[in-house]
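This report refers to the structure that appears directly beneath it.
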Amino acid sequence: EQRFNILPHPAKSNNPGDLADPPQPGAGLNSKPEFQAYHARDPHVPSQEILNNLEAPMSREDLKKRAEELNR
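Position one of the sequence shown corresponds to residue 50 (my numbering), numbered consecutively onward.
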């Protein structure tokens with residue numbers, strides 16, 4: 050004759066997050082501090098030297114020609 054027992058559930062509350070282990074290093078995007086949005090710094094503002102060394106943006110015509118060239 051088979052006998053079945055009901056084991057107590059490990060949850061202390063009705064929140065499924067309570068059963069999850071604490072974040073481990075390398076366990077995904079949510080556990081990596083460098084991906085946490087709320088710990089982000091201010092936007093990067095490049096220095097004037099970097100801005101002076103940037104190329105001029107291509108015109109729409111140049112971009113259209115380049116797209117046609119690449120799509121052949």
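Backbone N, C-alpha and C fix where the C-beta goes; we use that ideal spot for every residue, glycine too.
Rounding to the nearest angstrom, what Cα-Cα distance links Lys113 and Pro95 in this structure? 29 Å
Between the C-alpha atoms of Gly66 and Ala60, what's the straight-line distance to the nearest angstrom? 10 Å
Just the C-alpha distance for Glu50 and Pro57, rounded to the nearest angstrom, thanks. 23 Å
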